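Engineer:
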Amino acid sequence: MTSNLLTVIIPSRGMLPLLEQCLAALGRSLEAAGAREQSTVAVVDNASRPPLPPQRIAAAGAELIRLDAHHSFARANNLAALRWPAEHYMLLNNDVLLQPETIAEMLALLRRIPQAGVCGARMVFPDGSLQHAGVVFGPGEQGPYHLLRTKPSHLMPRLEREFQAVTGACMLIRGELWRELGGLDEDYPFGLEDIDFCLRARQGGWRVFCCQGSESLHFESLTPGRSQLDRPSRKLFMSRWQGRYTLDG
Amino acid sequence: MPSAKITGIVHTRDSAATLEAALASLAWVDELMVVDMESSDHSVEIARRHGAVVHQVELVPRIDGVRNRFVAKASGDWVLVLDSDEYLSDDAPELVRGLIAKQGQSFDAFALPRYNYLGEQVMLGGGRHPDYQIRLFKRGAVLWPDAHHTPPVVTTGPGRLWEAPPGQGPHIHHRNYRDIRELISRQLDYALTDLYPGDPASFDFAAYLARAQQQMAMRSEPETDGDLSQAMALVMAWDAVMRGLIHWDSLEPRPPLNMLEAFPRAAGQVPRWEIRLRRFLGRHLALRHLLKAVQRRLAALLPKRG
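Those protein sequence lines, which keep their order, are chains A and B.
For the first sequence, my numbering gives the first residue as 1, with consecutive numbering after it.
For the second sequence, my numbering gives the first residue as 250, with consecutive numbering after it.
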């Protein structure tokens with residue numbers, strides 16, 4: 001067993017000022033959870049041009065993996081998880097600013113429910129509308145989508161509940177489950193590998209939850225070129241999973 | 250098909266400060282050689298800790314002249330040469346092997362793009378990127394001349410060299426200077442230990458001043474690299490002038506320096522169109538690669554002669 005409680009993995013393609021804000025907010029959240037000393041924060045520089053400056057990443061308390069070619073989101077995360085094994089992994093997007101209490105809340109949920117393998121987080125857009133409060137599934141080509149997305153967050157329920165999937169923009173995963181599934185599926189170019197992971201976890205008997213206690217900020221899809229990579233990922237996901245997940249609502 | 254065996258070679262001379270990163274980034278090669286030039290720090294100890302075979306070499310003013318000797322000692326099919334202040338990225342193993350697998354049957358040597366760091370800043374303007382370096386080659390296909398920072402020669406001809414476009418292969422990451430002071434110190438060291446032609450009759454100080462003007466015009470690109478770009482351009486211009494004086498000082502008998510006459514002559518030696526064109530090509534490297542790719546495709550379509 002490893003002594004590393006948590007490895008937080010943040011792939012980033014450029015966006016240094018945003019990444020530094022993300023790291024600062026993450027630091028506060030780890031501190032509040034009492035997990036700072038037992039955690040590793042890993043930034044995966046996914047072919048930024050120019051490369052992310054190593055000393056500034058180190059100054060923000062993070063380790064750095066540099067990739068010269070652009071790799072899939074899954075590959076970037078898997079590489080970091082392999083290098084820094086841990087009891088838990090947190091996948092975090094560079095455009096998510098965590099609230100101080102978020103990590104403590106997510107870790108507490110996994111401790112409280114032994115069968116919980118994955119925990120997501122409630123997130124809002126800068127205007128206060130909901131970005132993520134769990135992922136649900138629609139019929140036909142609709143597939144997975146974010147529950148209550150863009151609805152005013154303060155009016156939406158905060159009941160902590162189980163889902164079939166949550167977003168990998170901020171996702172806490174039990175290390176045992178990560179190793180059992182071999183990490184994210186690298187066949188996905190960019191997007192929906194997180195949903196694929198959750199569905200595979202549930203097939204193995206693990207449960208997926210979303211914490212609703214705090215609201216972190218998620219700007220969403222700021223990475224250049226993201227939308228072009230989404231389409232083949234969605235096609236692959238639907239070819240694998242359509243008809244195998246349960247329709248919500 | 251079995252994968253080609255790769256030998257990594259790093260030359261050291263009191264390189265302890267940067268060697269860890271260089272060797273750690275080569276941990277995946279099949280054979281690792283460190284050629285040490287009488288280091289008095291922990292370079293050799295670090296090399297042994299990384300499992301490198303250490304070769305000792307006498308102290309010589311220019312490393313390039315001894316490179317050939319140790320490339321010949323490698324046992325790999327391919328040789329990957331890094332300087333001790335360089336390192337490769339974490340995905341280099343798959344990128345290097347991928348490059349060899351895809352292009353290795355058509356080419357004998359690869360020029361790899363290089364990121365040059367000045368402190369924390371990567372210098373991208375003024376032709377400093379991609380700054381191609383011939384560092385990955387089939388054993389025996391490349392020879393280094395005995396001079397500072399002179400590109401090696403691909404013995405099988407330039408047609409067997411491929412410049413790997415950024416994104417299609419690994420970069421070399423070169424943490425060359427901590428700051429401008431270190432740049433000045435190193436440039437002076439190179440200038441003082443370089444070789445200069447010995448014929449006094451062929452000396453022309455105006456040619457050095459012309460090179461200084463070229464450096465000022467082409468290296469300065471503040472819109473890309475900020476003030477550091479201007480500082481670097483000034484150092485490189487100063488370097489050209491220093492080299493002219495060192496060259497002149499080394500000649501016997503010394504020819505006339507003719508400084509006052511050399512300045513206006515130097516100004517005439519560098520046509521503006523050339524500076525503009527070179528700056529354009531330096532800035533629009535993606536376009537240059539695009540044109541090269543189009544050129545290669547067209548050449549492939551044309552019927553082969555003979």
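No residue lacks a Cβ here, since even glycine has one placed at the ideal position from N, Cα and C.
Owing to the predicted nature of the structure, the values given are computational and were not obtained by experimental measurement.
Pull up the distance between the alpha-carbon of A:N4 and that of A:E87, whole angstroms please.
Structural biologist: A:N4 and A:E87: Cα-Cα distance of roughly 6 Å.
Engineer: Taking Cβ-Cβ distances shorter than 7 Å, what residues in chain B pair up with A:R56?
Structural biologist: Within 7 Å Cβ-Cβ: E369.
Engineer: So, using beta-carbon positions, are A:E186 and A:S72 closer together than 7 Å?
Structural biologist: Contact: yes.
Engineer: Quick one: using the 10 Å Cβ neighbour count with 16 as the cut-off for buried, is A:W84 buried or exposed?
Structural biologist: Buried, by the Cβ-count rule.
Engineer: Hey, does B:S338 have any beta-carbon neighbour from chain A nearer than 7 Å?
Structural biologist: Yes, because at least one Cβ of chain A sits closer than 7 Å to the Cβ of B:S338.
Engineer: Is the distance from the Cβ of A:Q110 to the Cβ of A:C119 below 7 Å?
Structural biologist: Reading off the sequence, residue 110 of chain A comes out as Leu, not Gln. Cβ distance < 7 Å, so A:L110 and A:C119 count as in contact.
Engineer: Mind checking the region 64 to 79 of chain A against chain B and listing, in chain order, the residues whose C-beta falls within less than 8 Å of any C-beta there?
Structural biologist: The residues in question are I65, R66, L67, D68, A69, H70, H71 and L79.
Engineer: For A:A47, which residues from the same chain have a beta carbon less than 7 Å from its beta carbon, with the 5 sequence-adjacent residues on both sides left out?
Structural biologist: Contacts found: R13, L67, D68, A69 and H70.
Engineer: List the DSSP bridge partners of B:W282.
Structural biologist: The amino acid occupying residue 282 of chain B in the given sequence is Met; Trp does not appear at that position. Answer is B:I258 and B:V302.
Engineer: Closer than 8 Å by beta-carbon distance: list the chain A residues that pair up with B:H422, in chain order.
Structural biologist: Going along chain A in sequence order, the residues near B:H422 (Cβ under 8 Å) are P51 and R66.
Engineer: List, in order along the chain, the chain B residues whose C-beta lies closer than 9 Å to that of A:A133?
Structural biologist: Per Cβ cutoff of 9 Å: no residues; A:A133 is ~35 Å from chain B at best.
Engineer: What first and last residue would you give for the beta strand (DSSP E) that runs through A:I65?
Structural biologist: Where A:I65 is concerned, the enclosing beta strand (DSSP E) stretches over E63 to L67.
Engineer: Just curious, the beta strand (DSSP E) that B:W411 is in, first and last residue?
Structural biologist: L410 to E412 is the span of the beta strand (DSSP E), which, as asked, contains B:W411.
Engineer: Under 7 Å Cβ to Cβ from B:T404, same chain only, skipping five residues before and after it: list those, please.
Structural biologist: Excluding residues within five positions, the ones whose Cβ falls inside 7 Å are A390, V391 and L392.
Engineer: So is B:M485 buried or exposed if we call it buried at 16+ other beta carbons inside 10 Å?
Structural biologist: Buried, since its Cβ has 16 or more Cβ neighbours within 10 Å.
Engineer: Kindly list the residues whose CB is nearer than 8 Å to the CB of B:S338, restricted to its own chain and excluding five residues on each side of it in sequence; keep chain order.
Structural biologist: The residues are S274, L344, P419, H420 and H422.
Engineer: Locate the beta strand (DSSP E) running through A:S48, then write down its first and last residues.
Structural biologist: Taken as a continuous stretch (DSSP letters only), A:S48 belongs to no beta strand (DSSP E), as it is neither H nor E.
Engineer: Using CA coordinates, which residue listed in B:A455, B:M465, B:V259 and B:Q463 is at the minimum distance from B:L509?
Structural biologist: That would be B:A455, whose Cα lies nearest to the Cα of B:L509.
Engineer: Within 7 Å of any Cβ in chain D, is that where the Cβ of B:L344 sits?
Structural biologist: In the structure shown, chain D cannot be found, because the protein chains are A and B.
Engineer: Kindly list the residues whose CB is nearer than 8 Å to the CB of B:W411, restricted to its own chain and excluding five residues on each side of it in sequence; keep chain order.
Structural biologist: Only Q352, S355, F356, A358, F359 and A360 meet the Cβ criterion.
Engineer: Which chain B residues are close to A:A33, counting only those with a beta carbon under 9 Å from its beta carbon?
Structural biologist: None at all; the shortest Cβ gap to chain B is about 28 Å.
Engineer: If I'm right that B:V303 touches B:A296 with Cβ under 8 Å, what's the distance once you round it to whole angstroms?
Structural biologist: With a Cβ gap of about 5 Å, B:V303 and B:A296 count as contacting.
Engineer: Under a three-way DSSP split, which group does B:L534 fall into?
Structural biologist: Low local confidence applies: a pLDDT of 44 at B:L534 is under 50, so the model's placement there is unreliable, with the coordinate-based value given in what follows. Residue state, collapsed to three classes: helix.
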